[in-house]
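Remember, this note's numbering sits 21 above the position in the sequence shown when you count from 1.
C-beta: ideal position from N, C-alpha, C; glycine also.
These numbers come from a predicted model, not from an experiment.
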Amino acid sequence: GKGIVHLGTKYLNGESWTLKQFPPGHYAEYDILPSGRTKLVIEKKYYNIGDPPKFKTNIPQSDISASDT
């Protein structure tokens with residue numbers, strides 16, 4: 022966080038900007054504009070904490086109890 026704040030003060034020349042927390046289980050895609058700013062293209066949730074994985078695991082899901090997750 023500290024390094025990002027320094028980038029904002031050094032390179033944005035006093036322009037307003039916002040640093041937001043990125044939610045877990047999401048991905049985002051941005052375009053970089055000619056001005057150097059970014060524009061959000063898409064932000065999508067791909068995972069909910071506690072959901073079983075979509076890939077085959079070494080331990081079958083049926084062997085995992087609710088208290089393990």
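Short Cβ contact (9 Å threshold) for residue 60 with residue 49
By one-based count along the sequence shown, residue 60 stands at place 39. By one-based count along the sequence shown, residue 49 stands at place 28. No; because the gap between Cβ atoms is not below 9 Å, this pair is not in contact.
Residues near residue 54 in its chain [Cβ-Cβ closer than 7 Å; skip 5 each side]:
The residue given as residue 54 occupies position 33 in the sequence shown. Around residue 54: 60.
Bridge partners - residue 59, DSSP secondary structure assignment
By one-based count along the sequence shown, residue 59 stands at place 38. 53.
Closest by C-alpha distance to residue 57, when choosing among 41, 36, 63, 68:
In the sequence shown, the residue the question calls residue 57 occupies position 36. For residue 57, the nearest C-alpha among the options comes from 36.
Considering only the beta carbon of each residue, do residue 79 and residue 46 sit closer than 9 Å?
Position 58 of the sequence shown, counted from the first residue, corresponds to residue 79. Position 25 of the sequence shown, counted from the first residue, corresponds to residue 46. Contact flag unset, no.
Nearest neighbour of residue 73, chosen from 62, 39, 85 [CA to CA]
Position 52 of the sequence shown, counted from the start, is the residue given in the question as residue 73. Selected option, being the one with the closest Cα: 85.
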